[in-house]
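Undergrad: Here it is, the structure in full.
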Amino acid sequence: MTRPVAIAHWFVNNLSDHAAGEVVTHLQVQKLLYFAQAWHMLALGRPLFEEDMQAWPHGPVVPSVWHEFKSYGWQPIAPGGASEDISQDSLNILTQVCDIYGAFAAKKLEAMTHSERPWIQARGNRPPEQRCDEVITKDSILKYYKETYGEMEEGEEAAQG
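Using our numbering, you'd call the opening residue of the sequence shown number 1 and step up by one each time.
Take a look at the structure:
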């Protein structure tokens, strides 16, 4: 299984083009990790990464990735970090996630995750900006995606979001 920080670097390296004005922020990469985890579990029947996501105020967060990129704040993340070896089947899912979600602004991705039951349930009735480290379980993500998109055959492309 791949470390979530390596997947985050993969997204930054594959979506950043500073010359064209295309940058990736920490908020954006966290949401891409959520969608990648969801589609990976749905399509391949196993998690992309083992670490749990938490229901933070601005959407799902992988704590280790937050620590890796926290110094960037709201600024773009510089490409170049090592993305280590990622299996080909996982790369296929990451590429699809980039194609589907990569063009969305961070705040749009945040709104999308805020509309999904796994984040909503993990947050409970907390006020919008209240700190929360409740886990968004992999089971809740997979159940929601199966109910929303149906079962997928291995290798089937992700539904257009």
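For every residue, glycine included, the Cβ atom is placed at its ideal position computed from N, Cα and C.
Please read all numbers here as calculations on a predicted model, not as lab measurements.
The beta strand (DSSP E) spanning P60 covers which residue range?
TA: Counting along the chain, the beta strand (DSSP E) containing P60 begins and ends at G59 to V61.
Undergrad: Could you pull the start and end residues of the alpha helix (DSSP H) that A36 belongs to?
TA: Where A36 is concerned, the enclosing alpha helix (DSSP H) stretches over H26 to L44.
Undergrad: Quick one: measure Cβ to Cβ for P60 and T113, integer angstroms, because I've assumed they're closer than 8 Å.
TA: So it is a contact: roughly 6 Å between Cβ atoms.
Undergrad: If distances are taken between C-alpha atoms only, which option among E22, L91, Q75 and G21 comes closest to L186?
TA: The requested residue 186 does not occur in the structure, where the chain is confined to residues 1 to 161.
Undergrad: Return the bridge partner residues of V135 from the DSSP annotation.
TA: Its beta-bridge partners are Q54.
Undergrad: So, using beta-carbon positions, are Q30 and W66 closer together than 9 Å?
TA: Cβ distance < 9 Å, so Q30 and W66 count as in contact.
Undergrad: Quick check on the DSSP output: the alpha helix (DSSP H) that includes S90 runs from which residue to which?
TA: Residues Q88 to Y101.
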